[in-house]
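Taken in order, these protein sequences are the chains called A, B, C, D, E and F. If you read the first sequence in the working numbering, its first letter stands for residue 1, the second for the next number, and so on. If you read the second sequence in the working numbering, its first letter stands for residue 1, the second for the next number, and so on. If you read the third sequence in the working numbering, its first letter stands for residue 1, the second for the next number, and so on. If you read the fourth sequence in the working numbering, its first letter stands for residue 1, the second for the next number, and so on. If you read the fifth sequence in the working numbering, its first letter stands for residue 1, the second for the next number, and so on. If you read the sixth sequence in the working numbering, its first letter stands for residue 1, the second for the next number, and so on. Cβ atoms here follow ideal geometry from the backbone N, Cα and C, with glycine treated the same way.
There are 6 protein chains.
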Amino acid sequence: MKLILSILRFSAMIEVGLAYEKKLIELRELIYLESVSRVMMEQCSSLGKAALLIAMAEGDLSDSYIDYAREKGFAVTSGKVGSMDIQKIIAAIETAGRREGLVDERYRSQHALYHAILDALQGLGRGQIQLGNVLRTAGLRFAIVIGPRTLQEKDDLWIAVGLYGMIGAPIKGHEHEVCGLGINHL
Amino acid sequence: MKLILSILRFSAMIEVGLAYEKKLIELRELIYLESVSRVMMEQCSSLGKAALLIAMAEGDLSDSYIDYAREKGFAVTSGKVGSMDIQKIIAAIETAGRREGLVDERYRSQHALYHAILDALQGLGRGQIQLGNVLRTAGLRFAIVIGPRTLQEKDDLWIAVGLYGMIGAPIKGHEHEVCGLGINHL
Amino acid sequence: MKLILSILRFSAMIEVGLAYEKKLIELRELIYLESVSRVMMEQCSSLGKAALLIAMAEGDLSDSYIDYAREKGFAVTSGKVGSMDIQKIIAAIETAGRREGLVDERYRSQHALYHAILDALQGLGRGQIQLGNVLRTAGLRFAIVIGPRTLQEKDDLWIAVGLYGMIGAPIKGHEHEVCGLGINHL
Amino acid sequence: MKLILSILRFSAMIEVGLAYEKKLIELRELIYLESVSRVMMEQCSSLGKAALLIAMAEGDLSDSYIDYAREKGFAVTSGKVGSMDIQKIIAAIETAGRREGLVDERYRSQHALYHAILDALQGLGRGQIQLGNVLRTAGLRFAIVIGPRTLQEKDDLWIAVGLYGMIGAPIKGHEHEVCGLGINHL
Amino acid sequence: MKLILSILRFSAMIEVGLAYEKKLIELRELIYLESVSRVMMEQCSSLGKAALLIAMAEGDLSDSYIDYAREKGFAVTSGKVGSMDIQKIIAAIETAGRREGLVDERYRSQHALYHAILDALQGLGRGQIQLGNVLRTAGLRFAIVIGPRTLQEKDDLWIAVGLYGMIGAPIKGHEHEVCGLGINHL
Amino acid sequence: MKLILSILRFSAMIEVGLAYEKKLIELRELIYLESVSRVMMEQCSSLGKAALLIAMAEGDLSDSYIDYAREKGFAVTSGKVGSMDIQKIIAAIETAGRREGLVDERYRSQHALYHAILDALQGLGRGQIQLGNVLRTAGLRFAIVIGPRTLQEKDDLWIAVGLYGMIGAPIKGHEHEVCGLGINHL
Numbered sequence: 001m002k003l004i005l006s007i008l009r010f011s012a013m014i015e016v017g018l019a020y021e022k023k024l025i026e027l028r029e030l031i032y033l034e035s036v037s038r039v040m041m042e043q044c045s046s047l048g049k050a051a052l053l054i055a056m057a058e059g060d061l062s063d064s065y066i067d068y069a070r071e072k073g074f075a076v077t078s079g080k081v082g083s084m085d086i087q088k089i090i091a092a093i094e095t096a097g098r099r100e101g102l103v104d105e106r107y108r109s110q111h112a113l114y115h116a117i118l119d120a121l122q123g124l125g126r127g128q129i130q131l132g133n134v135l136r137t138a139g140l141r142f143a144i145v146i147g148p149r150t151l152q153e154k155d156d157l158w159i160a161v162g163l164y165g166m167i168g169a170p171i172k173g174h175e176h177e178v179c180g181l182g183i184n185h186l
Numbered sequence: 001m002k003l004i005l006s007i008l009r010f011s012a013m014i015e016v017g018l019a020y021e022k023k024l025i026e027l028r029e030l031i032y033l034e035s036v037s038r039v040m041m042e043q044c045s046s047l048g049k050a051a052l053l054i055a056m057a058e059g060d061l062s063d064s065y066i067d068y069a070r071e072k073g074f075a076v077t078s079g080k081v082g083s084m085d086i087q088k089i090i091a092a093i094e095t096a097g098r099r100e101g102l103v104d105e106r107y108r109s110q111h112a113l114y115h116a117i118l119d120a121l122q123g124l125g126r127g128q129i130q131l132g133n134v135l136r137t138a139g140l141r142f143a144i145v146i147g148p149r150t151l152q153e154k155d156d157l158w159i160a161v162g163l164y165g166m167i168g169a170p171i172k173g174h175e176h177e178v179c180g181l182g183i184n185h186l
Numbered sequence: 001m002k003l004i005l006s007i008l009r010f011s012a013m014i015e016v017g018l019a020y021e022k023k024l025i026e027l028r029e030l031i032y033l034e035s036v037s038r039v040m041m042e043q044c045s046s047l048g049k050a051a052l053l054i055a056m057a058e059g060d061l062s063d064s065y066i067d068y069a070r071e072k073g074f075a076v077t078s079g080k081v082g083s084m085d086i087q088k089i090i091a092a093i094e095t096a097g098r099r100e101g102l103v104d105e106r107y108r109s110q111h112a113l114y115h116a117i118l119d120a121l122q123g124l125g126r127g128q129i130q131l132g133n134v135l136r137t138a139g140l141r142f143a144i145v146i147g148p149r150t151l152q153e154k155d156d157l158w159i160a161v162g163l164y165g166m167i168g169a170p171i172k173g174h175e176h177e178v179c180g181l182g183i184n185h186l
Numbered sequence: 001m002k003l004i005l006s007i008l009r010f011s012a013m014i015e016v017g018l019a020y021e022k023k024l025i026e027l028r029e030l031i032y033l034e035s036v037s038r039v040m041m042e043q044c045s046s047l048g049k050a051a052l053l054i055a056m057a058e059g060d061l062s063d064s065y066i067d068y069a070r071e072k073g074f075a076v077t078s079g080k081v082g083s084m085d086i087q088k089i090i091a092a093i094e095t096a097g098r099r100e101g102l103v104d105e106r107y108r109s110q111h112a113l114y115h116a117i118l119d120a121l122q123g124l125g126r127g128q129i130q131l132g133n134v135l136r137t138a139g140l141r142f143a144i145v146i147g148p149r150t151l152q153e154k155d156d157l158w159i160a161v162g163l164y165g166m167i168g169a170p171i172k173g174h175e176h177e178v179c180g181l182g183i184n185h186l
Numbered sequence: 001m002k003l004i005l006s007i008l009r010f011s012a013m014i015e016v017g018l019a020y021e022k023k024l025i026e027l028r029e030l031i032y033l034e035s036v037s038r039v040m041m042e043q044c045s046s047l048g049k050a051a052l053l054i055a056m057a058e059g060d061l062s063d064s065y066i067d068y069a070r071e072k073g074f075a076v077t078s079g080k081v082g083s084m085d086i087q088k089i090i091a092a093i094e095t096a097g098r099r100e101g102l103v104d105e106r107y108r109s110q111h112a113l114y115h116a117i118l119d120a121l122q123g124l125g126r127g128q129i130q131l132g133n134v135l136r137t138a139g140l141r142f143a144i145v146i147g148p149r150t151l152q153e154k155d156d157l158w159i160a161v162g163l164y165g166m167i168g169a170p171i172k173g174h175e176h177e178v179c180g181l182g183i184n185h186l
Numbered sequence: 001m002k003l004i005l006s007i008l009r010f011s012a013m014i015e016v017g018l019a020y021e022k023k024l025i026e027l028r029e030l031i032y033l034e035s036v037s038r039v040m041m042e043q044c045s046s047l048g049k050a051a052l053l054i055a056m057a058e059g060d061l062s063d064s065y066i067d068y069a070r071e072k073g074f075a076v077t078s079g080k081v082g083s084m085d086i087q088k089i090i091a092a093i094e095t096a097g098r099r100e101g102l103v104d105e106r107y108r109s110q111h112a113l114y115h116a117i118l119d120a121l122q123g124l125g126r127g128q129i130q131l132g133n134v135l136r137t138a139g140l141r142f143a144i145v146i147g148p149r150t151l152q153e154k155d156d157l158w159i160a161v162g163l164y165g166m167i168g169a170p171i172k173g174h175e176h177e178v179c180g181l182g183i184n185h186l
């Protein structure tokens, strides 16, 4: 009789345990997503941070940041560009902004984007807005983010351009990181 | 008899459940820390990213990033500085670097730090390394990180200076975000 | 009899002549004003030209240009500033813009004005936004003009800052002319 | 008798009136030219103003300003150039200066012109002497004026280069005004 | 007898005189070399002076300076480059540095050389690192010197790039001298 | 007899030898001066080289170069200045130029000198004409040289400003060499 009871008790425990273990696996992923969200909430609280973090993020994390920023009310687009020509980098970012509808066909919104790009390129060039002319090449990820300057001031639209990537000689591995952030009123 | 068996089974389930619930609470925090670490591992994989993420992080997250970067073998220091004078910003970063032993008393390491700071300031000034002269003030967090350019090339020492903060007119709220990154061989 | 008729005819002629002469004097001034207006209409057909012409005009002409520009729908303010400090020049223009209500208390309109001023100062400094630091002083007239970029596109608001004056050594007569124009979307 | 006298008086009045009316038509044009001249005299009193006003003037006004400046003793040439290449703009201005005899074949006068052009281009580029490299194009009118710095100091030769036009993206209508002024001793 | 003695005395004098005259000819060249060495010792006492003097020297003097600098423990290479393209000048100096073994294949030494070149080019461009874009061409001699900053501090390696030559319009004789010096820690 | 003859011969030889030895001492100094002159002739053949070599020379050599340059028809002045303020460096050079009569009281000659100084300072600042603002100090020797661009073109007056010295942090020994050359038509 005792044996039967023990078996019964044990099988009940296993039953619950298995359910919990299953739940734990689900939970671990859930908590991971919660945690990423918590990190993002702390990190990604303003226009410029959103643009920089999206430009710096790789793989899945990139999508997570974009989703999070959009959820918070920012309009976002991002992309990649590698070139020795500054004008190709500018064109790639302008095209992404237009294609994704972040800027419209009016000159004023494109003027705002253009000068945010130029400001970001100053961080890239550190004194010279030049690449091929000074024998450098750059491989970059960029993000354009539109929204209020901070999550507190909802009614004020600004534009941020974040750049992150590698700059260097046209020799593999001869490069280091570089970043830039440009912010303008829209 | 059946009732007794049911109670027995139920009490066994509760016993296991309580243990799991308790474990879950512990786990949630553990998984959060694991998750932060996973986010950091993806984000903070190189010298420049480390410097930028530490400069951008606030509160607990700042310490988490610093701990993570140190664990990965980077030497790190960070701080805050607000001023209308570029030279005070330079001095604050240089002093932090010296005080924390990231640069030694030899001119060459201080020369490397100085030019990493100047490069980071180009992102801040976007064309002019000036603040008060052009009626601007800046409130910044900075990070100095020393280590290999990436976690793969262990034997090569470089220095990164990351700057993040607000730049604007000397009127409350009249400011926007700004960042800078300077990288130099050590 | 003939004499009387001659006198009569002559006095009639004088009467008309005097009236016309009087009319001519009035007309001359009227035609001058018409002509100034015609010159202005040809000269002052866009935002930037308005800002430059007002900054360049002296005495009465200055008021004429301001009146003309206001009549055409531009908001205008102008002033004078002389200094060895770039920040004093910026402050004088910003204060005039705020006091005259051309920019409001929101950061975005002041951000637009600030960067229009910085752009105008690039023409002044020709490569360096510096004055006293490079042993120069400047005496300037400035104009802030708000309106559409041209008289044809009425619904689009931009801001222009025009600067005109003398730059030179702090020695009387050791100076030459300098000008600058900055334009930004509002 | 009274009627005859009235008719006589009236015909005399008409005779004088017609003469005056005819005179008025002539006068109106004359006074317009006088007025333009008066405006010019007030506006165009120095080397740099002459260069800027000629660069900014359109149609007939352009010729009027050139004539006026030449009459006052300035040597003047002007032209148009549109390009994405800074070197083409420089070449167009240098060629105009040489062709019109404002600078001679000696290097020193061409050196003076070249640096006046570079200074004017700083106003155009506002921080960067670049166009196509930063995806911009410019359509400009330029003026080269040689003479004393002001009409008072007759014996001192300087050179001024004035630039005025539109800068923008290579998209129709996506452009705003820009100006530049460079002055050098000859 | 007296005559014989006089002749004897005279021939002895001539014998010694001839030996001395021969010695003097040798000495003159020797003293010249000593003197050049003395001039060099006074002139060429540090890294930057060595780089500048080698870049400025012509013909035999160039080799003398290089020999002297090598003797003192500096590693030296030099060369010539003429171009309207900044990137060709950079490439020529980088190639010389690599070919002569002054920099090795590691990125860090090439990063040090690159930024020393950029710094030297600032002296060349005086505000703009541009040549063809601003319609200028340059004919240069360059020197790369590696060693301690001064002959007193033997254990500290730095790199200097000296540039000297002519800059001007692409017209024969329309050019003036230009120089640049860049120094970086290695 | 043989002995007497030997003594006689020997004493004659000594007599001549002593004269020659004395002559040699004189000669060595003479040949040194000739050699310095030969080095200078090769080195100091143009306006810019003269300005740089005088700025770089120390002690006696400095005077030798100045004397040589004056002999060749250049007007020369030189001096020392150490400061964290760019304006003090400019003032020191301008004052030396005026005091020594190289530039007269007319604005045009001072304008030529001022821009030659600014150009030289670009080599010093390598991208920024700033010192104290970026926490640097400089100790410099300068030379102003007036004359033809080369010794071949006698009738053409230009001005050169050469700068050479140390730039660094306000910490003893934390500095490296720096140079600058500015050339302008007079």
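Mind checking which residues open and close the alpha helix (DSSP H) that includes residue i?
i                      : result
residue 95 of chain C  : 86-99
residue 136 of chain B : It is not in any alpha helix (DSSP H) - residue 136 of chain B carries neither H nor E in the DSSP assignment.
residue 50 of chain A  : 47-56
residue 171 of chain C : Residue 171 of chain C -> no alpha helix (DSSP H), and no H or E assigned at all.
residue 149 of chain A : Careful: residue 149 of chain A lies outside any alpha helix (DSSP H) and carries neither H nor E.
residue 63 of chain C  : 59-71
For the beta strand (DSSP E) that contains residue i, what are its first and last residues?
i                      : result
residue 160 of chain E : 158-168
residue 177 of chain A : 175-185
Quick test of your reading: residue i and residue j, contact by CB under 8 Å. State the CB separation rounded to the nearest angstrom.
i                      : j                      : result
residue 40 of chain A  : residue 43 of chain B  : Not confirmed; about 11 Å, so no contact.
residue 86 of chain C  : residue 76 of chain C  : That pair is no contact at about 24 Å.
residue 159 of chain F : residue 144 of chain F : 7 Å
residue 186 of chain C : residue 109 of chain C : 6 Å
In three-state terms, what does DSSP make of residue i?
i                      : result
residue 76 of chain E  : strand
residue 31 of chain A  : helix
residue 103 of chain E : coil
residue 6 of chain A   : helix
residue 127 of chain F : coil
For residue i, which residues in chain A fall below 9 Å Cβ to Cβ?
i                      : result
residue 118 of chain E : 127, 128, 134
Would you mind telling me which residues of chain E sit closer than 9 Å to residue i, beta carbon to beta carbon, in chain order?
i                      : result
residue 107 of chain D : 168, 169, 171, 173, 174, 175, 176
So which residues of chain A does residue i contact, with C-beta pairs closer than 8 Å?
i                     : result
residue 39 of chain B : 35, 36, 39, 61
residue 90 of chain E : 134, 135
Taking residue i as the query, report the chain B residues whose CB atoms sit under 7 Å from its CB, ordered along the chain.
i                      : result
residue 112 of chain E : 185
Taking contact to mean at least 3 C-beta pairs separated by less than 8 Å, is the region 47-55 of chain D in contact with the region 175-182 of chain D? Result yes; three or more Cβ-Cβ pairs closer than 8 Å.
Are there three or more Cβ pairs, one per stretch, closer than 8 Å when the region 159-174 of chain B is compared with the region 158-174 of chain A? The answer is no - the region 158-174 of chain A does not touch the region 159-174 of chain B, with fewer than three Cβ pairs under 8 Å.
Are the region 138-156 of chain C and the region 81-96 of chain C touching, with three or more C-beta to C-beta distances below 8 Å? At 8 Å Cβ cutoff, the stretches touch.
Would you say the region 120-134 of chain B touches the region 115-135 of chain A, given that touching needs at least three Cβ pairs under 8 Å? By the Cβ rule, the region 120-134 of chain B counts as touching the region 115-135 of chain A, because three or more pairs are nearer than 8 Å.
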